[in-house]
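K.L.:
Below you'll find the structure I mean.
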């Protein structure tokens with residue numbers, strides 16, 4: 098009996114330790130969810146009426162429900178079925194649709210809270226951050242507006258856990274249909290904010306996640322934002338772009354003209370590489386891709402592509418998004 102009790106005690110101790118470790122190593126993810134709109138025309142927004150029942154896309158409540166269910170499937174599958182502790186989103190119309198998505202995620206038992214604000218995008222799409230309020234405390238949030246541009250605000254959120262801070266920037270830069278200067282302008286503004294943080298604390302822990310609509314080697318990301326792809330070769334003030342290896346290997350997050358493009362990024366501060374406070378788990382950055390997310394054409398010359406919700410005005414009930422999510426792991430050291 099004594100031996101059985103000791104075995105039980107050891108098992109309970111190991112289980113508690115495993116849970117504690119799991120809480121202090123967590124997934125951070127980002128996803129461009131491709132036009133997550135409600136079904137109502139907002140008179141203050143120039144182009145959201147495209148996603149209403151009366152327009153050619155026939156964006157109905159039923160189709161919105163299918164879209165939410167499909168998105169929730171991918172998000173719920175992250176982190177071995179636990180879902181991410183932190184999730185950045187873009188191409189969401191408003192807080193209402195983010196709340197609808199969070200409701201779909203209830204089975205994974207996360208205590209998700211939302212940070213969102215309407216931005217001046219002429220299409221009516223925004224960025225948002227969702228985080229597990231059972232793990233993190235919201236310390237501060239702000240929205241960086243790109244003056245003179247009808248583009249998405251950058252969402253900046255400072256979270257804390259056990260006295261340690263982690264700041265997350267959620268981005269959706271101007272599309273590649275705009276001139277390069279539009280993305281350089283956003284990168285310049287974000288870099289200015291980053292320099293402020295690094296001046297306050299050179300070891301600050303922060304992540305930049307988002308659809309930057311440029312590659313790691315493009316001027317806006319590499320030069321203006323000052324990022325590099327080798328964590329062991331960073332100069333002072335240079336940020337580590339942890340998606341670089343995927344780009345170099347010819348993989349990506351979005352397909353254009355039958356080629357992968359790495360548009361979605363996970364960029365880390367030097368502080369996330371120092372093994373103090375929050376730290377990036379080395380090698381953990383990945384593109385989240387399962388077979389069920391992909392569309393395989395009958396054309397043998399076409400590569401598999403992310404299964405999207407719409408092609409023109411044709412709705413696909415097995416579609417998710419035209420982008421794949423990206424994710425990484427961070428660990429809190431005490």
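In our numbering, the protein residues as written are 98 to 431. Glycine included, C-beta positions come from ideal geometry on N, C-alpha and C. Note that the structure is a prediction, hence the values are computed from the model and not measured.
(1) Name the two residues that bound the continuous alpha helix (DSSP H) containing residue 162.
(2) Near residue 216, which residues of its chain fall below 6 Å by C-beta distance, leaving aside the five closest residues on each side in sequence?
(3) For residue 323 and residue 212, what's the separation of their Cα atoms in angstroms?
(4) Should residue 366 go down as buried or exposed, given a rule of 16 or more other Cβ atoms within 10 Å for buried?
(5) Less than 8 Å between the CB atoms is what I'm expecting for residue 124 and residue 426, so what's the real figure, rounded?
(6) Quick one: Cα of residue 422 to Cα of residue 193, how far?
(7) Using 8 Å for Cβ pairs, my map puts residue 384 next to residue 408. What's the rounded Cβ distance?
(8) Only counting the same chain, and skipping five residues up and downstream in sequence, which positions put a Cβ closer than 7 Å to that of residue 341?
(9) Quick check on the burial criterion: 16 or more other C-beta atoms within 10 angstroms. Buried or exposed for residue 420?
(10) Identify, in the order they occur along the chain, each residue of the same chain with its Cβ nearer than 8 Å to the Cβ of residue 169, setting aside the five sequence neighbours on each side.
(11) For a test of the three-state rule: what should DSSP assign to residue 227, helix, strand or coil?
(12) Rank 218, 261, 263 and 236 by C-alpha distance to the C-alpha of residue 243 and give the top, closest one.
(13) Can you have a look at residue 393 and say buried or exposed, based on whether 16 or more other CB atoms are within 10 angstroms of its CB?
(14) Whose C-alpha, out of 185, 389 and 411, is nearest the C-alpha of residue 305?
(15) Can you tell which of 245, 428, 256 and 246 has its C-alpha closest to the C-alpha of residue 238?
(16) Tell me, to the nearest whole angstrom, how far the beta carbon of residue 268 is from that of residue 308; I am working on the premise that it is less than 8 Å.
(17) Measuring alpha carbon to alpha carbon, tell me which residue in 261, 390 and 134 is nearest residue 172.
(18) Could you round the C-beta distance between residue 261 and residue 375 to whole angstroms and report it? I think they count as a contact, below 8 Å.
(19) With C-beta atoms as the reference, is residue 417 less than 8 Å away from residue 167?
(20) In the DSSP assignment, find the beta strand (DSSP E) that holds residue 193 and state where it starts and stops.
(21) Report the option in 157, 209 and 156 whose CA atom is closest to the CA atom of residue 179.
(22) Which value, in whole angstroms, describes the spacing of the CA atoms of residue 233 and residue 397?
(23) If we require 3 or more residues per run, which beta strand (DSSP E) segments fall completely within the region 219-265?
(24) Using three-state DSSP, classify residue 182 as helix, strand or coil.
(25) Going by beta-carbon coordinates alone, are residue 266 and residue 287 separated by less than 8 Å?
P.N.:
A quick look at the data gives this:
(1) As a working mapping, residue 162 is identified with position 65 in the chain shown. Element bounds for residue 162: 158-178.
(2) Translated into the one-based positions of the chain shown, residue 216 becomes position 119. Excluding positions up to five away in sequence, the list reads 223, 249 and 250.
(3) Walking along the chain shown from the start, residue 323 turns up at place 226. Walking along the chain shown from the start, residue 212 turns up at place 115. Their backbone Cα atoms lie some 27 Å apart in a straight line.
(4) Here residue 366 corresponds to residue number 269 of the chain shown, with the count starting at 1. The C-beta of residue 366 has 16 or more other C-beta atoms within 10 Å across all chains shown, which makes the residue buried.
(5) For the purposes of this step, residue 124 is taken as the residue at position 27 of the chain shown. For the purposes of this step, residue 426 is taken as the residue at position 329 of the chain shown. Confirmed, about 6 Å.
(6) Here residue 422 corresponds to residue number 325 of the chain shown, with the count starting at 1. Here residue 193 corresponds to residue number 96 of the chain shown, with the count starting at 1. For residue 422 and residue 193, the distance between alpha carbons rounds to 21 Å.
(7) Residue 384 sits at position 287 when you count from the first residue of the chain shown. Residue 408 sits at position 311 when you count from the first residue of the chain shown. At roughly 22 Å, the Cβ-Cβ gap does not stay under 8 Å, so residue 384 and residue 408 are not in contact.
(8) For the purposes of this step, residue 341 is taken as residue 244 along the chain shown, with counting starting at 1. Answer for residue 341: 313 and 326, listed in chain order.
(9) Mapped onto the chain shown, residue 420 falls at position 323. Label assigned to residue 420: buried.
(10) Numbered from its first residue, the chain shown carries residue 169 at position 72. Once the five neighbours on either side are set aside, the close Cβ partners of residue 169 are 198, 201 and 202.
(11) In the chain shown, the residue the question calls residue 227 occupies position 130. Residue 227: strand per DSSP, three-state reduction.
(12) For the purposes of this step, residue 243 is taken as residue 146 along the chain shown, with counting starting at 1. Checking every option, the nearest Cα to that of residue 243 belongs to 218.
(13) The residue labelled residue 393 in the question sits at position 296 within the chain shown. By the 10 Å Cβ count, residue 393 comes out exposed.
(14) For the purposes of this step, residue 305 is identified with residue 208 of the chain shown, where counting begins at 1. Considering only alpha carbons, the answer is 185.
(15) By one-based count along the chain shown, residue 238 stands at place 141. Proximity to residue 238 across 245, 428, 256 and 246 peaks at 256, based on C-alpha coordinates.
(16) Within the chain shown, residue 268 is the residue found at index 171, counting from 1. Within the chain shown, residue 308 is the residue found at index 211, counting from 1. Contact flag correct, Cβ pair sits at about 7 Å.
(17) The sequence position of residue 172 within the chain shown is 75, counting from 1. The candidate whose alpha carbon is nearest that of residue 172 is 390.
(18) Locating residue 261 in the chain shown gives position 164, where the first residue counts as 1. Locating residue 375 in the chain shown gives position 278, where the first residue counts as 1. At roughly 6 Å, the Cβ-Cβ gap stays under 8 Å, so residue 261 and residue 375 are in contact.
(19) One-based indexing of the chain shown puts residue 417 at position 320. One-based indexing of the chain shown puts residue 167 at position 70. Taking 8 Å as the Cβ cut-off, residue 417 and residue 167 qualify as a contacting pair.
(20) Counting from one through the chain shown, the residue named residue 193 turns up at place 96. Per DSSP, residue 193 belongs to no beta strand (DSSP E); it is in the alpha helix (DSSP H), 192-201.
(21) Counting from 1 along the chain shown, the entry for residue 179 is found at position 82. Minimum Cα distance to residue 179 is reached at 209.
(22) Your numbering for residue 233 matches position 136 in the chain shown. Your numbering for residue 397 matches position 300 in the chain shown. For residue 233 and residue 397, the distance between alpha carbons rounds to 47 Å.
(23) 223-229, 234-241 and 251-258
(24) As a first step, residue 182 must be located in the chain shown, where it is residue number 85. In the structure shown, residue 182 sits in coil (DSSP, three-state: anything other than H, G, I, E or B).
(25) One-based indexing of the chain shown puts residue 266 at position 169. One-based indexing of the chain shown puts residue 287 at position 190. Cβ atoms of residue 266 and residue 287: closer than 8 Å.
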